[in-house]
Structures are given as C-alpha cells and as structure tokens.
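*Asks:*
Protein chains: 2
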Amino acid sequence: MSYDDTSLALHEKHHGKLRVETTVPLETKDDLARAYTPGVAAPCRMIASNPADVWKYTIKSHTVAVITDGSAVLGLGNIGALASLPVMEGKCALFKRFAGIDAFPIALETQNVDEIVRTVAAIAPVFGGINLEDISAPRCIEIEQRLATMLAIPVFHDDQHGTATVVLAGLLNAAKVVGKELSKMKIVVSGAGAAGSAIVRLLHSYGVGDIIVTDSKGVVTMHRDDLGWLKNLLASFTNKSDACCMLFDALKGADAFVGVSKPGVLKPEMIAVMAEKPIVFALANPDPEMMPEEAKKAGAAVVATGRSDYPNQLNNVLVFPGIFRGALDGRIRRITPGMMVAAAEALARLVPSPTAENIIPPVFEPRVVSVVSAAVKDAGQRSQ
Amino acid sequence: MSYDDTSLALHEKHHGKLRVETTVPLETKDDLARAYTPGVAAPCRMIASNPADVWKYTIKSHTVAVITDGSAVLGLGNIGALASLPVMEGKCALFKRFAGIDAFPIALETQNVDEIVRTVAAIAPVFGGINLEDISAPRCIEIEQRLATMLAIPVFHDDQHGTATVVLAGLLNAAKVVGKELSKMKIVVSGAGAAGSAIVRLLHSYGVGDIIVTDSKGVVTMHRDDLGWLKNLLASFTNKSDACCMLFDALKGADAFVGVSKPGVLKPEMIAVMAEKPIVFALANPDPEMMPEEAKKAGAAVVATGRSDYPNQLNNVLVFPGIFRGALDGRIRRITPGMMVAAAEALARLVPSPTAENIIPPVFEPRVVSVVSAAVKDAGQRSQ
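Same order as they appear, the protein sequences are chains S and U. Numbering follows this note's numbering, in which position 53 of the first sequence is assigned residue number 54; successive positions increment by one, without gaps. Numbering follows this note's numbering, in which position 101 of the second sequence is assigned residue number 102; successive positions increment by one, without gaps.
1) If we ignore side chains and look at the alpha-carbon of each, how far apart do A170(U) and D256(U) end up?
2) Do T166(S) and L203(S) have their CB atoms nearer than 9 Å?
3) Report all residues from its chain with a CB closer than 6 Å to the CB of V189(U); omit the five preceding and five following residues, and keep chain order.
4) Can you give me the Cβ contacts of V118(U) inside the same chain, cut-off strictly under 7 Å, excluding the 5 residues immediately before and after it?
5) For S309(U), return the contacting residues in chain S, with the cut-off set at a CB-CB distance below 9 Å.
6) Going by beta carbon distance, what residues of the same chain come within less than 6 Å of F321(S), once the five residues before and after it are set aside?
7) Just checking, does the stretch 302-318 of chain U make contact with the stretch 284-294 of chain U on the three C-beta pairs under 8 Å criterion?
8) Using a Cβ-based criterion (distance less than 8 Å to any ligand heavy atom), does Y58(S) qualify as near the ligand MN?
9) Between the C-alpha atoms of E116(S) and N113(U), what's the straight-line distance to the nearest angstrom?
10) Can you give me the Cβ contacts of A125(S) inside the same chain, cut-off strictly under 6 Å, excluding the 5 residues immediately before and after it?
11) If contacts are defined as beta-carbon pairs under 8 Å, then V372(U) and A347(U) qualify, I think. What distance do you get, rounded to the angstrom?
12) With 9 Å set as the bound, which would you pick, yes or no: does the beta-carbon of V25(S) sit closer than that to a beta-carbon of chain U?
13) Taking the CB atoms as reference points, tell me whether A104(U) and L83(U) lie closer together than 9 Å.
14) Which residue wins for smallest C-alpha separation from P264(U), given the options F249(U), V220(U), M291(U)?
15) Residues bridged to T64(U) by DSSP?
16) Listed from N- to C-terminal order along the chain, which residues in the stretch 89-112 of chain S have their beta-carbon within a distance smaller than 9 Å of any beta-carbon of chain U?
17) Which residues in the same chain as K61(S) place their Cβ atom closer than 7 Å to its Cβ, once the five residues preceding and following it in sequence are excluded?
18) So, for G91(S): in the same chain, excluding its five sequence neighbours on each side, which residues have a beta-carbon less than 7 Å away from its beta-carbon?
19) Give me the chain U residues within the contact set of Y37(S), using Cβ-Cβ distance strictly less than 7 Å, ordered along the chain.
20) Restricting to runs no shorter than 3 residues, where is the beta strand (DSSP E) found entirely within the stretch 130-188 of chain U?
21) Please name the residue or residues paired with N359(S) in a DSSP beta bridge.
22) Flag L11(S) as yes if its beta-carbon sits less than 9 Å from any beta-carbon of chain U, otherwise no.
23) Which residues in chain U have a C-beta closer than 9 Å to the C-beta of Y207(S)? List them in chain order.
24) List the residues of chain U whose Cβ lies closer than 8 Å to the Cβ of E22(S), in chain order.
25) Use the C-beta contact count for C45(U): other C-beta atoms within 10 angstroms, 16 or more gives buried, fewer gives exposed.
26) Thinking just about the alpha-carbon of each residue, which of V21(S), D5(S), A357(S), I361(S) is nearest to the one in A94(S)?
27) Are the C-beta atoms of M275(U) and some chain S residue less than 9 Å apart?
28) Considering Cα atoms alone, identify which of I333(U), A283(U), N51(U) is closest to S262(U).
29) Please name the residue in A175(S), E13(S), V67(S) whose C-alpha comes closest to that of M47(U).
30) Establish whether the CB of T306(S) and some CB of chain U are separated by less than 9 Å.
31) Measure from the C-beta of R325(S) to each C-beta in chain U and report whether the shortest distance is under 9 Å.
32) D70(S): which of Y58(S), S137(S), P52(S), A34(S) sits nearest, CA to CA?
33) Starting from I48(S), follow the alpha helix (DSSP H) in both directions and report where the run begins and ends.
34) Please classify K392(U) as buried or exposed, where buried requires at least 16 neighbouring CB atoms within 10 angstroms.
35) Interface residues of chain U around R46(S) at Cβ under 9 Å?
36) Assign M275(U) to one of two classes, buried (16 or more other C-beta atoms within 10 Å of its C-beta) or exposed (fewer than that).
Put into structure tokens, the structure is as follows:
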C-alpha cells in the first residue's frame, strides 16, 4: 500500500505538521506587562548577569533544533532545503510525540561545510540541543564534530548515532538468541556512509574485535588507494584478518551482516558461507538488502529490517527521543559513545527473553523513552 | 507597580513562554507512515519538482522568525543573544495571540552585519517572513535592506516600521482632532535611531512636506560634519527651512513633536513656541520625553505615549501582527511604504470620530488585526 495520496492530503490539510503555541496567558494588560514589556526586562536582566539562568527562564531547556542542508534526504538524495522540510517537520513531530521535546525544523540554504557550521553555531542560543539530519557523508561527520567541539549543548547526528545505537541494541539481543558473545563475533557492515561508519565506530567502541566494512567496490582496506579520509579512518581499525575483495569474501565465517547500503546487495550464497546461525540486519529503506523471507530461507537465524511490516524493526525513533530527553534533563554538554552504549543496553534489556522474532521493543512501547533517557542521564553523570 | 517578581515567577514556572505542538495524529503505525517515512517522501517530491508547493505542504505559510542579535534590547542595551530571549519569546507569543501566526525566536551569537545577513538568509527556507527585532541602529537598516533584497519573503524590522506605522496612524487622527492637514504640517522628530529614521522616512513617503529631525546634538542638518550615513541620508530630504541649532529652535512653529529619544528632552517652554494646538507624541519607553499631565499643562492639544496607563497608547502590537498576517495571506514578497501607509490609514479609521483622548484603538480591540491585514493584502495586490 502506498501512503502517497493520504500523506499529501494530510500535509495539505494542516499546512505542515507543527504549530507554535504560547504557554502563558495574554488576555489582559497585566498579562502583557508580565509576558512582555515592562516585566520581561526582569528575566533579561537575570540572564545578562548569570547566563546559566537561560535554562530557567526561557524555552532553551526543552527545545531542540532539527537541522539539515537537504543534501541526503531519505532515499531521495540531494533535494535541497525546501523539499526536505516535510521530513524535518516529521522529525520534530516525533520528538514531541515520543519525548515531549519542543523541536523546530531548520533547513539551510547552503551546503558549504564552513557556512553550515557557522550558521548552526550562530543560531544555537535558543536551543538546548542540535539534531543534525539527512546531511550527506562524509561532510556530516566533519560538521557534527566541529559543532560538538564549539558548542556547550549536545550535537547529535541521528543518521549516524541513532542508527548505530539501535543496531547495537539489536545485536546485543540477537547475540543472545544465537548463543554467541557479541565482543567475539565477526561482523560485516555493508555501507560506509553516515550510518555504516557510525555503526562501525560504535561497535568498535563497544569492543567488537573483528569488524569488516564494505562499500560498493568491496572491502574497505588499507590496500585500496581510492578511499577518502573517512574510509581510510575506518580501514585503520577494522579488517583484522586482512580480508580482501568483495562482500562475498568478507562474509566467509562472519557471524553477522549489517546492511545500511542498498536493495539486493545480499545474496543467498553469501549467507551460505557465513558462520553457524548467521544474523542478518538488512536495514536499507524502504527496500532491504534482502527480503526477510528470503534471508530465512537462505539460513539466517535472526533477521531484522527497518520496516514496520516485519518483526524486529530497528527504527531510530527508539533512540533519539530518549537520548535528547536524557541529555536535556541531565544538562549534558556532549553525547559520548559511552552514553550510546548505555542507551543500547537499556533498550535491549526491555526484551528480557529475546527470540528470533523479538529482539527489539516495538516503536510504541511506552517504556522506551524513559529507560533510554535514564541510561543517558546516568552515563552522563558518571562521566562528569 | 513593578512586574519584576511576577514576571520572573511566570517565566520560571513555564520555562519560557512557547511550545511546539504537532498538528497531525501520531498514534498508530499508519499515522507514522503518513507523517513520516515512507509517506513523507510524497510532499518532498512535490516540492522538489515545484518549489512553490512548500507553501502548501509545510509550515512556511504560517511561520515567522523573530530574529535579534541582542544588540539593542528594550531599554537594556547590548545584553547579547541569551539575555534577549525572553523578549523574543514574548514577541512570538504576541504574534500568536493577535494574529494566529506561528513565530519562533532566533537569537544570534554574532553581531557582525555580514554574518547576520548570511545567517538569516541561510535559515530562511522554513519561514514565510522575517521579523527583525532589537538590533542597534544604523546596523539594523543595512541588515534589513540587504535581506529584503536577497529574500523572496517579507523582512520587517518592527522597531523601525512597526513604530513608524503606528505613529502615522496616530498622527492621522491627531491631525483631525486639531483640524489640520497632515501633509501641510511641520513635524519635528526627536531621535534619529531605528524608530526615528523610519518615522521620518514614512512621513516623507506619505507626503509630509516639512520634517525636522533632531538628535542629542540638535538638528540633523547637512551643515554638520559629525553625521554617519543614516543621518546624512535623513538630512538630505528634511529640514526644508534650514533650521539650525537645538530642539527648541526646531520646534518654533511646529505642529507636532514626535519623540523616540529619551525621558526629559521635551520642556514646557518648547511646547510654548510650537504652532497652535500642538500635538505631542512622547514615545520614549517606559519614561516618555515628558509626562502627559505636564504636556497638557504646557498647552499640548493631543498627547500620546507608549504607555498602557495613559490614553492614546501607540503600541507596535497594533501593527506588526496585522502586517505579517496580510503579507502571509497575500503571499507578499516585500513590505513597502505604500503598504505601511495603507495599514496606518486602516488603523486610524477604526476610530471614526477621534478626540484628544482617543486617537488610536486599544491594543485588545478585536478588529485591529483584520483591518490592518486586509489593508496590507489589498495594497500588495494593487502593487503587483
């Protein structure tokens, strides 16, 4: 079923998906005098003399920016700022629905890295956190790192870290299902863009010893001379066994395949050469690297996708609302890999007895945001 | 009575004055599929192929940015971005309360003119209009003019044009009260900053033939060699009679005094030298150039201030909500002096029989926003 027509009708009816409301009364002259002049000078003066009071008297403590440059929107590619807005508004709606966070969409009319960094830093004062969205790799990584260093509020690129965190949560429970230890597994990640590179970095930081990354040209290895800085970085700490050649070669003896690449890259004969009880996460959206029925038939013990019409949906919405809720509540300045691992573990624990068809809680499970936010807040406090 | 304590309590209780709400249901998987992936790709594709569809499918058609650099906030001066936020949120609240417009506050962490222009242009896609606020003169004029030229959405600096429009509305009815014709009046404007310079320009554009501007050093005239570019510009089309020296000299025979300067600059002996039935608008806030009782005693026929505790409150909130409502509804790309004159005339007409104590409708008069917006929309359509 296509949602195109009903989605267009929904967006047209409401003129988008957000509105800004006032939370204070404005019905009398006295109301105006408290919310605006002359009374408003009092909180202004307080903040001028103690900048931390901005968390007390303004919307900063509950407000997040959802920012894109429109360069890598969904599977649609570089469609630009205006056309990206429905996605950014949708993300803001999810922030509200799942974590009660007030999020506002900002689509930038520039795709220059320096300009993006400068612009986001310039508009940061009103926000308690920055969620970067749908910015193409490897630019997204430079932008995120530079902003995280410059700003005193958390900067989170969901396509990278939201995806990596939910994948780690899924792997934790999938490993339980097949009776293996995650840190001793050999994992092949297909795709070395924003999501793939973040998954590799988070798995590495978790302690997975043997990770191989592949792109459309095969294994990402130091022997290749066609790699940019990001893939070079990944090659520097992956592929321990010095595997060569293509995805098929990399998958020999692998315990898990994690695909964030494109439809059709995984073939039944590749699953056949993997280790016993292979795990297949085919996360390309909306069409996965291999359809679940086919993966099962080819021998996969656990299969996950990004789709809501199959079991084991690995969806970022399980992660980013709780991460930001925890970061805002804990007044955390920077979201670290340790916090993401804590979030993944908390998410995995919500399924105490995982099975092949149930490794991750459903999107609407009401406990998700509270356990993830508590884990992040807790990890943040421990690290301070 | 001071509003300081109740204002602080109000701001702390609600953590500011705004929240972002979703306008679409998000309770089922189908809801998610329409508002977010995969359905959201449909409006994205429509906008990518026809950018004007952004007005149909996103919040752009009802959303305005309230932008400051914190350089000239209320009477508090250059208190910076963070401390300006309570004012910007308050302005957004007024947009919602009076015109149903969704406004979002952006306080910039830069006071460099080029950076400000670049930043506002970069974040413009989601907004249907830009309201600049509390930016110091003469920078505010350069910023506004450059942005208005660059962007295809209206850019309005309320401290300039909101003030100028409500002053013109007040003068139209004050002229009626004293039985004079506005275009033939001699008007002295005290203050040559953002508000003063905009008042002078709008009165000139309306056809007031004899305008004199003064600053703290006296009459702004071509003979002075201490003027910056803005005052030079004002001097080029004002002071027809080549008046010299101080405010007292300028006021000889003047029909109206319009003060946007500071408390105490107007003295009884100055009113004494004005023409018959002098009009005194003492708009410095919160303390006017002269208190109304004193102005009356000195012979003023009509007195107006910016205060809510005296008759004839000339408040920008009578103007900017309707101006933006009309601009958004009429899809107007640029707010022209003609539209401001139309708005002022519409506002003035709401008081069909003005008296000395009643030249302008009260702030909560419910017809204000509709007549102002209709006038702007109408003027916009006539000019296209």
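C-beta: ideal position from N, C-alpha, C; glycine also.
*Replies:* Let me lay it out:
1) In the second sequence, counting from the first residue as 1, residue 170(U) sits at position 169. In the second sequence, counting from the first residue as 1, residue 256(U) sits at position 255. Rounded to whole angstroms, the gap between the alpha carbons of A170(U) and D256(U) is 16 Å.
2) By one-based count along the first sequence, residue 166(S) stands at place 165. By one-based count along the first sequence, residue 203(S) stands at place 202. For T166(S) and L203(S), yes; Cβs fall inside 9 Å.
3) Mapped onto the second sequence, residue 189(U) falls at position 188. Setting aside the 5 residues that flank it on each side, V189(U) is surrounded in the same chain by I213, A251, L252, A255, F258, each with a C-beta closer than 6 Å to its C-beta; the list follows chain order.
4) The count along the second sequence starts at 1 and reaches residue 118(U) at position 117. Excluding residues within five positions, the ones whose Cβ falls inside 7 Å are I144, R147, L148.
5) In the second sequence, the residue the question calls residue 309(U) occupies position 308. For S309(U), the C-beta contacts it makes with chain S under 9 Å involve K30, L33, A34, in order along the chain.
6) Along the first sequence, read from residue 1 onward, the residue named residue 321(S) stands at position 320. For F321(S), where only same-chain residues beyond five positions count, the Cβ hits under 6 Å are D159, G163.
7) By the C-beta criterion, the stretch 302-318 of chain U is judged to be in contact with the stretch 284-294 of chain U, since at least 3 inter-stretch pairs fall below 8 Å.
8) The model depicted lacks the ligand MN and carries no ligand whatsoever.
9) For this step, residue 116(S) is matched to residue 115 along the first sequence. For this step, residue 113(U) is matched to residue 112 along the second sequence. Going from the Cα of E116(S) to the Cα of N113(U) covers about 15 Å.
10) Along the first sequence, one-based indexing puts residue 125(S) at 124. For A125(S), the CB contacts under 6 Å within the same chain, skipping 5 residues up- and downstream, are L152 in chain order.
11) Taking the second sequence and counting its residues from 1, one reaches residue 372(U) at position 371. Taking the second sequence and counting its residues from 1, one reaches residue 347(U) at position 346. Between A347(U) and V372(U) the Cβ distance is about 4 Å, and since that is below 8 Å, they are a contact.
12) Indexing the first sequence from 1 puts residue 25(S) at position 24. At a cut-off of 9 Å, the C-beta of V25(S) has a neighbouring C-beta in chain U.
13) The residue you call residue 104(U) lines up with position 103 of the second sequence. The residue you call residue 83(U) lines up with position 82 of the second sequence. With respect to the 9 Å criterion, A104(U) and L83(U) are not classified as neighbours on the basis of their beta carbons.
14) By one-based count along the second sequence, residue 264(U) stands at place 263. Out of F249(U), V220(U), M291(U), the CA that lies nearest to the CA of P264(U) is found in M291(U).
15) As a position in the second sequence, residue 64(U) is number 63, starting the count at 1. D103(U).
16) Hits within the stretch, in order: M89, E90, G91, K92, C93, A94, L95, F96, K97, R98, F99, I102, D103, A104, F105, P106, I107, A108, L109, E110, T111.
17) In the first sequence, the residue the question calls residue 61(S) occupies position 60. When the five nearest sequence neighbours on each side are left out, the beta carbons in the same chain lying within less than 7 Å of the beta carbon of K61(S) are those of V55, V127, F128, G129, in order along the chain.
18) Counting from 1 along the first sequence, the entry for residue 91(S) is found at position 90. These residues qualify, in order along the chain: K18.
19) Here residue 37(S) corresponds to residue number 36 of the first sequence, with the count starting at 1. The contacting residues are G91, L95.
20) Entirely contained in the stretch 130-188 of chain U, the beta strand (DSSP E) runs reaching 3 residues are, in chain order, 130-133, 156-158.
21) Mapped onto the first sequence, residue 359(S) falls at position 358. Per DSSP, T356(S).
22) Numbered from 1 along the first sequence, position 10 holds the residue referred to as residue 11(S). Cβ-Cβ to chain U under 9 Å: yes for L11(S).
23) On the first sequence, residue 207(S) is found 206 positions in, with the first residue counted as 1. Simply none; closest approach about 27 Å.
24) In the first sequence, counting from the first residue as 1, residue 22(S) sits at position 21. Chain order gives the chain U residues near E22(S) as L19, R20, V21, E22, K97, where near means a beta carbon separation below 8 Å.
25) Reading the second sequence from its first residue, position 44 is the one you call residue 45(U). Answer is buried; the Cβ neighbour count reaches 16.
26) By one-based count along the first sequence, residue 94(S) stands at place 93. Per the Cα distances, V21(S).
27) Residue mapping note: residue 275(U) aligns to position 274 of the second sequence, counting from 1. It does not: the Cβ of M275(U) has no partner Cβ on chain S nearer than 9 Å.
28) Locating residue 262(U) in the second sequence gives position 261, counting from the first residue. Minimum Cα-Cα distance from S262(U) among the listed residues I333(U), A283(U), N51(U) corresponds to A283(U).
29) What you label residue 47(U) is simply residue 46 of the second sequence in a count that begins at 1. The option with the nearest alpha carbon to M47(U) is E13(S).
30) Working through the first sequence from its first residue, we reach residue 306(S) at position 305. Chain U contact via Cβ: absent.
31) Within the first sequence, numbered from 1, the residue matching residue 325(S) stands at position 324. With the sequence shown as reference, residue 325(S) is identified as Phe, and Arg is not the correct amino acid for it. No, no contact with chain U.
32) Along the first sequence, read from residue 1 onward, the residue named residue 70(S) stands at position 69. Minimum Cα distance to D70(S) is reached at S137(S).
33) For the purposes of this step, residue 48(S) is taken as residue 47 along the first sequence, with counting starting at 1. 42-50 is the span of the alpha helix (DSSP H), which, as asked, contains I48(S).
34) Outside the displayed range of chain U (2 to 385) lies residue 392(U), so it cannot be described from this structure.
35) Start at 1 with the first residue of the first sequence, and residue 46(S) comes out as number 45. Those are D5, L77, I80, A84, listed as they occur along chain U.
36) One-based indexing of the second sequence puts residue 275(U) at position 274. Buried, by the Cβ-count rule.
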